[in-house]
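See structure below.
As structure tokens, then:
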């Protein structure tokens with residue numbers, strides 16, 4: 001069987017072939033093109049660059065791969081095909097599908113001549129459990145995640161202290177300050193759901209709130225009156241795109257490799273582009289009275305003014321920015337694994353979070369094992385022993 005690194009190389013080779021074969025532009029919206037292949041190649045190389053030992057520990061970072069990623073990101077940026085959407089919300093609204101920030105997205109459809117449409121069922125279980133939706137309340141944001149959106153009086157993230165106090169009650173979201181991306185991401189009791197002031201999220205819409213608490217994930221959802229919405233009882237479907245790679249990804253990948261290459265100051269404007277867009281994305285975050293849903297305060301990093309921009313600080317800023325920008329989209333755990341900090345991060349999370357929600361009472365992360373799932377025994381048997389079980393299983 002191929003080693004971990006050799007498997008990454010095989011995947012990268014496929015994307016290199018795609019970069020060569022695909023045209024720069026396609027006539028059909030959403031059809032994969034050269035820039036999408038370059039972006040996916042950059043993502044693959046970014047995972048491969050953090051070399052892991054057999055026990056899943058990061059042993060080194062491959063500078064040659066980082067430089068190749070940097071070149072790929074530069075080519076995507078220089079193409080002029082992409083930009084950050086003026087409002088963060090546009091990445092999660094069906095009316096804005098295939099917008100300027102979308103590098104690669106899964107396309108869906110309804111009313112297309114098929115019995116039920118080619119809908120996004122991957123998020124079907126994540127909708128609230130109220131009358132308009134009905135099922136099933138999965139992908140519940142954690143208290144830790146909600147608190148991570150807090151900002152200090154300087155408008156910067158609270159890297160090490162954000163979780164010291166818990167923002168759970170409505171007043172907490174006015175007495176503390178937050179990054180606006182919180183209210184694009186998390187549905188809170190008493191706040192508008194998915195930008196509709198009259199459609200107020202209720203605790204009763206949650207799945208077993210006494211166990212999992214009363215929050216919900218909003219990015220993947222659409223409103224019941226949205227043109228893309230379709231009920232397929234007992235589940236929910238929509239034809240809204242599922243964004244896989246956004247331009248903000250490309251900017252933050254480039255920032256990450258610059259930091260790891262010892263060029264941290266060059267990462268500042270890239271991270272600040274993402275933060276500035278977040279700061280400007282407030283227009284839809286209002287309640288029925290026209291007031292902001294939460295108290296917002298986001299500022300840009302100014303080395304030597306509001307922060308000391310060392311490589312360690314830059315790395316922390318980049319990693320925190322990725323968490324906020326892509327929260328609930330399914331990437332954070334895999335970031336933690338490639339950075340080699342999954343065990344320490346997850347166990348610190350469990351230590352506090354288990355005091356807030358009942359279902360994590362026995363949760364723990366075993367280093368050297370839980371970074372990856374086990375290979376199913378049937379697959380090992382089918383391979384006549386060529387496949388070797390992942391470490392720790």
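In the UniProt record's numbering, the protein residues as written are 1 to 393.
By construction, the Cβ of each residue, glycine as well, lies at the ideal position given by its N, Cα and C atoms.
Within the 8 Å Cβ cut-off, does residue i reach chain D?
i           : result
residue 393 : The structure shown has no chain D; it contains just one protein chain.
Do residue i and residue j have their CB atoms nearer than 8 Å?
i           : j           : result
residue 61  : residue 253 : no
residue 295 : residue 178 : yes
residue 239 : residue 110 : yes
residue 104 : residue 244 : yes
residue 212 : residue 140 : yes
residue 112 : residue 241 : no
residue 38  : residue 75  : yes
residue 202 : residue 189 : yes
residue 50  : residue 339 : yes
residue 147 : residue 167 : yes
residue 363 : residue 354 : yes
residue 34  : residue 23  : yes
residue 336 : residue 267 : no
residue 130 : residue 352 : no
residue 150 : residue 176 : yes
residue 77  : residue 250 : yes
residue 197 : residue 57  : no
residue 306 : residue 154 : yes
residue 144 : residue 349 : yes
residue 54  : residue 391 : yes
residue 279 : residue 180 : yes
residue 386 : residue 1   : yes
residue 255 : residue 218 : no
Assign residue i to one of two classes, buried (16 or more other C-beta atoms within 10 Å of its C-beta) or exposed (fewer than that).
i           : result
residue 277 : buried
residue 327 : buried
residue 206 : buried
residue 99  : buried
residue 415 : Residue 415 lies beyond the range of the chain shown here (1 to 393); nothing can be said about it.
residue 371 : buried
residue 376 : exposed
residue 284 : buried
residue 388 : exposed
residue 137 : buried
residue 59  : exposed
So residue i and residue j are in contact, right, with Cβ under 8 Å, and what is the actual spacing, rounded?
i           : j           : result
residue 30  : residue 119 : About 15 Å; that fails the 8 Å criterion.
residue 275 : residue 298 : 6 Å
residue 46  : residue 15  : Contact flag wrong, Cβ pair sits at about 12 Å.
residue 157 : residue 320 : 5 Å
residue 8   : residue 48  : 4 Å
residue 134 : residue 234 : 6 Å
residue 261 : residue 63  : 6 Å
residue 248 : residue 87  : Between residue 87 and residue 248 the Cβ distance is about 13 Å, and since that is not below 8 Å, they are no contact.
residue 94  : residue 226 : 6 Å
residue 126 : residue 220 : 6 Å
residue 83  : residue 101 : 7 Å
residue 311 : residue 264 : 5 Å
In the DSSP assignment, what are the bridge partners of residue i?
i           : result
residue 51  : 60
residue 186 : 217
residue 141 : According to DSSP, residue 141 bridges with nothing at all.
residue 296 : 178
residue 307 : 303
residue 151 : 157, 177
residue 286 : 292
residue 192 : 200
- Message: So within the segment 194 to 245, which uninterrupted alpha helix (DSSP H) runs reach at least 4 residues, ignoring any that extend past its ends?
- Response: Taking only runs of at least 4 residues, the alpha helix (DSSP H) segments lying wholly in the segment 194 to 245 are 209 to 212.
- Could I get the ranges of all uninterrupted beta strand (DSSP E) runs contained in the segment 78 to 125, with 3 residues as the minimum, in chain order? Segments of the beta strand (DSSP E) lying fully in the segment 78 to 125: 102 to 106.
- Taking only runs that begin and end inside the segment 334 to 383, name each unbroken alpha helix (DSSP H) of 4 or more residues, in chain order. Whole alpha helix (DSSP H) segments, 4+ residues: 342 to 353, 377 to 382.
- Item | Start-end ranges of the alpha helix (DSSP H) lying completely within the segment 5 to 51, minimum 4 residues | Listed in chain order, they are 34 to 49.
- Item | Start-end ranges of the alpha helix (DSSP H) lying completely within the segment 251 to 282, minimum 4 residues | Counting only runs of at least 4 residues, the segment 251 to 282 fully encloses the following alpha helix (DSSP H) elements, listed from N- to C-terminal order: 268 to 280.
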